[in-house]
Amino acid sequence: MTRVLLVEDERKIADFVIHGLQSEGYEVTHESDGVSGLESILNATYDLVLLDIMLPGKPGTEVLQSMRESSIKTPVIMLTAKSELTDKLLGFKLGADDYLAKPFFMEELTARCKALLNRNQNTNTEAITVGELTLDKITRRVNWRERSMILSQREFTLLEYLMRSPGNVFSRQQIMQFVWGIDFNTQTNIVDVCIQRIRKKLVNTEKDDLSEFPIESIRGIGYKIKKSD
Amino acid sequence: MNKSFKLHVMLQILILFVIYLFANRLYAQYLAYEFIQDKVNLELLNLVESQDTFSNKSTESKTKFFSNTKLNSLVKCSTTHHLTNDLCEEFKNPSIDWTQTETVKSESIKFGKHSFNGVTWKIAHKKNNLVDDYLAVDESEINLILEQTWEIRDYVQSRIYLFMITLLVIFSYYLSNHIVKIINKAKKYISNTDIKNLSEIPSSPAIYTEFQPFIDVFNDLRVRLKTSFEQASRFSSDASHELKTPLTILRGYAERGVKTSKDGSNEQIQFILMAEEIGRLINITDKLLILARSDAGRLEITPSLVNLTDVFEQLASDAETINPDLRISTNIQKKINWKCDPQLIHQLIYNLYSNAFKYNTVNGWIHFELTLVNHELTMAVINSSVNVPKDLSDKAFDRFYRGDESHTRKIEGTGLGLSLCKEIAKIHGGELSLEVNAQQEVSAKFTVKVKD
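First to last, the sequence lines map onto chains G and V.
Counting the first sequence from 1 gives a position; our numbering is that position plus 995.
Counting the second sequence from 1 gives a position; our numbering is that position plus 4.
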């Protein structure tokens, strides 16, 4: 079982992060200040550490520094409300593996956790697979059943976004913001158009049953990738 | 329009000089008149004193002043030398006012003035037991001497004034230039100040002691500014933490709600709507924080090379999908890379981009332009629009300005986008402008000088 340590002083944030990670099947330990966080890192073994920067007792950057000085190479994701870049740069310099600014999507956090854990376990990170759907991150090639196509940049980003969190529903606004960076409402159906393009590239309407295609439309809400059974 | 200080100083000095000339002339005239009168008196005194004058042996001038000139109008009356005429009889007139009396060798000699047949005479009268002598000079002759002297003076002065005025112009130019230089020095000292170096008070520039209070006042202001900026930026940093934590929590719960509720259920739709509104709140918070940071001078850029050609081509191709009714045209130069802050510049481009959609017309168009000519990078988004307020170019960059509310109420927006873009443009050393032409075409243009 994957063990994750969360060092975060805001109890409510910790609550939903713990909940979110647990639902992904991780075992989560929670510490609410820098000193006990560092103690926990030094005394137990974790696969991943989520570290807030603004912590009582000892700031996250110092915790990170101390653990790297003790040669603990556990991957670390820094969490903070401060999106100032100096913090970000300092974080990377001290040996953080990733950085996530508050307020973040839980989806985003779990996706990054997965990516880091995969990297650490030397598994193939160049492709994501959900059920029969495989997406190659380097070549942007997607395979579904016997069909294989190259996706455009936007199509690829969209599909990757959905595939990172199978089973999760994403609203059109959420997808639009992530893929196109658009946060305005233009009554556009750009998301639907893009999904249709992906579908058209992969589904042979004569042979395949459209309902078997893993991208599922949720009426009035958005889209999700069906979880593989 | 502001007046030129140099011109002002020159004019003032010239006016003062003219006043001086005028006063000088009046006073000089008065002095010269007094002088001539004195000299004439002295000459008359000396002449009347000497018996030779009346014996006609000598007509030599007695004073040095008249050594080269002779008093032509001199009239002599003497009882001892039997010199007499009508005038002499006239001088005995008792109505003559003898205003001045000089005493020479215990003899008193009186001076007076008398008009006779239209001629004013200046008369010297010596009288004792033996003699009763008069000497008279025509006043107009004295005036003539005065005028002759004056003519020489006028000639000389007119040449000298020309020279002096030229000198004065040069002098006043030099003087005002010097003052302006001092002010420029002070200006340079002050203009080196910005929010980032408020705390370090540089050594005063070497200027005169009279200007020191000016510098002191400024430095005092600087300290007060620094305090208030520190408070403002601390506020923005605190607000960042204070707002983002509850927003993170809210978003987290909304997300969990979406996940746990049944797909497509009403609850899920409500959670999604909530998450979207939270998203919008986060968006506004982010924009406000960038603005607050920029105000506090704490907006820093982390530059890296951005392939703008790719960004623009992608945006143009997206535009066709976002709204298929719009005609899209481009003028995108190949291989344009620019070292800038990717996040901030994306924010700028996206703001212009989204405005072009939001404020477009039915069956309108958008034109994208990206060029690099003579080290000047231009990014422009031009679009058709409708009901554009006349003062858009001036007001669009004001915070929370949203155009004519009756037209824009239906369009989502915070009114922060363009003021944010302006700050982003500024921190990159560029210029952002918004222009509207008569055909209601809105052109948002960002230009910046780039090094190779």
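All C-beta atoms in this analysis are idealised placements derived from N, C-alpha and C, irrespective of residue type, glycine included.
Go to residue i, then tell me how far its beta strand (DSSP E) extends in each direction, as first and last residue.
i	result
Asp329 (chain V)	Careful: Asp329 (chain V) lies outside any beta strand (DSSP E) and carries neither H nor E.
Ile1210 (chain G)	Ile1210 to Ile1213
Gly116 (chain V)	Glu111 to Phe120
Ile1072 (chain G)	Val1071 to Thr1075
Val446 (chain V)	Glu445 to Lys453
Phe372 (chain V)	Trp369 to Val377
Ile1123 (chain G)	Ala1122 to Val1125
Leu438 (chain V)	Glu435 to Val440
Asp56 (chain V)	Note, Asp56 (chain V): premise wrong, no beta strand (DSSP E); alpha helix (DSSP H) at Asp56 to Ser59.
Ile1220 (chain G)	Gly1217 to Ile1220
Thr1024 (chain G)	Glu1022 to Glu1026
Lys343 (chain V)	Asn341 to Cys344
Which residues in chain G sit within 8 Å of residue i, going by Cβ to Cβ distance?
i	result
Gln272 (chain V)	Val1164, Ile1213 and Ile1216
Leu348 (chain V)	Ordered by position in chain G, no residue passes the 8 Å Cβ test against Leu348 (chain V), which lies about 10 Å from the chain.
Tyr363 (chain V)	The contacting residues do not exist; Tyr363 (chain V) stays about 11 Å from chain G at best.
Tyr405 (chain V)	What Tyr405 (chain V) touches in chain G: nothing, since even the nearest Cβ is about 17 Å away.
Give the straight-line distance between the Cα atoms of residue i and residue j, rounded to the nearest whole angstrom.
i	j	result
Tyr34 (chain V)	Tyr24 (chain V)	15 Å
Asn121 (chain V)	Asp142 (chain V)	12 Å
Val1198 (chain G)	Leu1153 (chain G)	17 Å
Gly419 (chain V)	Arg406 (chain V)	5 Å
Tyr37 (chain V)	Leu148 (chain V)	11 Å
Ile17 (chain V)	Ile219 (chain V)	28 Å
Ile349 (chain V)	Ile428 (chain V)	7 Å
Lys192 (chain V)	Asn181 (chain V)	16 Å
Val135 (chain V)	Met168 (chain V)	56 Å
Ser265 (chain V)	Asp242 (chain V)	35 Å
Val310 (chain V)	Ile1048 (chain G)	29 Å
Glu1127 (chain G)	Gly1162 (chain G)	15 Å
Arg1107 (chain G)	Val1188 (chain G)	28 Å
Pro250 (chain V)	Ile194 (chain V)	43 Å
Gly1040 (chain G)	Leu1157 (chain G)	The residue you asked about is not Gly; residue 1040 (chain G) is Thr in the sequence shown. Computed Cα separation, rounded: 32 Å.
Leu1016 (chain G)	Gln1060 (chain G)	25 Å
Assign residue i to one of two classes, buried (16 or more other C-beta atoms within 10 Å of its C-beta) or exposed (fewer than that).
i	result
Met996 (chain G)	exposed
Val999 (chain G)	buried
Lys426 (chain V)	buried
Thr1134 (chain G)	exposed
Gly1020 (chain G)	exposed
Pro217 (chain V)	exposed
Tyr178 (chain V)	exposed
Pro307 (chain V)	exposed
Asn335 (chain V)	exposed
Pro1209 (chain G)	buried
Val972 (chain G)	Chain G is shown only over 996 to 1224; residue 972 (chain G) falls outside these bounds and no answer can be derived.
Phe239 (chain V)	exposed
Glu259 (chain V)	buried
Leu153 (chain V)	Per the sequence shown, residue 153 (chain V) should be read as Thr rather than Leu. Under this definition Thr153 (chain V) is an exposed residue.
Ala1091 (chain G)	buried
Could you give the DSSP three-state label for residue i: helix, strand or coil?
i	result
Phe404 (chain V)	coil
Asp1042 (chain G)	coil
Asn270 (chain V)	helix
Ser308 (chain V)	strand
Asn1184 (chain G)	coil
Gly417 (chain V)	coil
Asp322 (chain V)	helix
Ile336 (chain V)	strand
Arg1142 (chain G)	strand
Lys80 (chain V)	strand
Arg1136 (chain G)	strand
At 7 Å on the CB atoms, spell out the chain V contacts of residue i, in chain order.
i	result
Phe1208 (chain G)	Within 7 Å Cβ-Cβ: nothing; Phe1208 (chain G) doesn't reach chain V, min ~16 Å.
Val1188 (chain G)	Thr325
Gln1168 (chain G)	Glu280 and Gly283
Just reading off the alpha helix (DSSP H) that residue i is part of, what are its end residues?
i	result
Gly1015 (chain G)	Arg1006 to Ser1018
Lys192 (chain V)	Glu143 to Ser195
Asn387 (chain V)	From DSSP, Asn387 (chain V) is part of no alpha helix (DSSP H) but of the beta strand (DSSP E) over Glu380 to Ser388.
Ile1170 (chain G)	Arg1167 to Val1174
Determine the chain V residues that contact residue i at a beta-carbon separation under 8 Å, and present them in chain order.
i	result
Glu1102 (chain G)	Glu259
Arg1149 (chain G)	Gln318 and Asp322
Residues of chain G with a CB under 7 Å from the CB of residue i: which are they?
i	result
Lys263 (chain V)	Asn1163
Lys266 (chain V)	Ordered by position in chain G, no residue passes the 7 Å Cβ test against Lys266 (chain V), which lies about 10 Å from the chain.
Thr252 (chain V)	Ile1008, Lys1097, Pro1098 and Phe1099
For residue i, go through chain V and note every residue whose CB falls closer than 9 Å to its CB, in chain order.
i	result
His1025 (chain G)	Chain V residues near His1025 (chain G): none, gap ~15 Å exceeds 9 Å.
Ile1185 (chain G)	Asp322, Thr325, Ile326 and Asn327
For a contact defined as C-beta to C-beta under 9 Å, what are the partners of residue i on chain G?
i	result
Gly256 (chain V)	Lys1007, Ile1008, Asp1010, Phe1011, Val1012, His1014, Gly1015, Pro1098, Phe1099, Phe1100 and Met1101
Using Cβ-Cβ distances below 8 Å, what residues of the region 1128-1160 of chain G are close to chain A?
Absent from the structure: chain A. Protein chains present are G and V.
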